[in-house]
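In this note's numbering, the protein residues as written are 2 to 144.
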Amino acid sequence: MLISAAEWRRRRLRYTVGSLQGLLLLALVAFGLGPILWLAKSAISPTRDTLSHPMAVFPHGPAWSNVHQAWSTVQIGHYFWNTVLLAAGSWLSQILVATTAGFALSVLRPKYAKVLSALLLTTLFVPVVVLLVPLYVRSSTHR
């Protein structure tokens, strides 16, 4: 612990640390929500305003027709529904495989359970982002 119990009893220190923690929390929330809010702002800004004044909030007002155009012309709703179905299918297949593998490794205890558990853990240590470059190289060479 960085602050001892005796120091923590001092009112001024408690308020200072609490204020700093609150400011840090607000900064992190703003930093995390900033890109999402900027994306929403860009979605309802006219393209001309976004290109000419990218940092201005709404120089000529919002263009709500962008949202209608995206849903009707570009069919964002169709792509969104495809994403929902793909995510639900992926989630269900992962739940099925994880529960059956967990049952097999913990209850049935096969002969090579320790080896299988080690192999499973090694796959968890490799982040998915590492696979992006080989997949990109593979897909670009097969064209």
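Glycine included, each C-beta is placed from N, C-alpha and C at the ideal position.
Checklist entry - Hey, would you say leucine 106 sits closer than 7 Å to alanine 114, going by beta carbons? => result yes
Next on the checklist: So, for alanine 44: in the same chain, excluding its five sequence neighbours on each side, which residues have a beta-carbon less than 8 Å away from its beta-carbon?
Outcome noted: Asn67, Val68, Ala71
Next on the checklist: Using a 10 Å radius around the Cβ and a threshold of 16 neighbouring Cβ atoms, would you call serine 53 buried or exposed?
Outcome noted: exposed
Next on the checklist: Given this structure, state the Cα-to-Cα distance separating leucine 109 from phenylalanine 81, to the nearest angstrom.
Outcome noted: 41 Å
Checklist entry - For serine 46, does the count of other Cβ atoms within 10 angstroms reach 16, so buried, or fall short, so exposed? => result buried
Item to check | Whole-angstrom distance between phenylalanine 32 and threonine 123, CA atom to CA atom | outcome: 33 Å
Item to check | tryptophan 65 versus valine 75: straight-line alpha-carbon distance, rounded | outcome: 15 Å
Next on the checklist: Judging by CA-CA distance, which residue of Val134, Val18, Ala102 is the nearest neighbour of leucine 121?
Outcome noted: Ala102
Next on the checklist: The alpha helix (DSSP H) that contains alanine 7, what's its start and end?
Outcome noted: 6-9
Next on the checklist: So, under 8 Å CB-CB, lysine 42 and valine 58 are touching, yes? Tell me the CB distance rounded to an integer number of Å.
Outcome noted: 7 Å
Item to check | Nonlocal neighbours in the same chain, by C-beta distance under 7 Å from arginine 15, ignoring five residues either side | outcome: Trp9
Next on the checklist: Measuring straight from C-alpha to C-alpha, what distance separates glycine 62 and alanine 28?
Outcome noted: 28 Å
Checklist entry - Is the distance from the Cβ of aspartate 50 to the Cβ of proline 60 below 7 Å? => result yes
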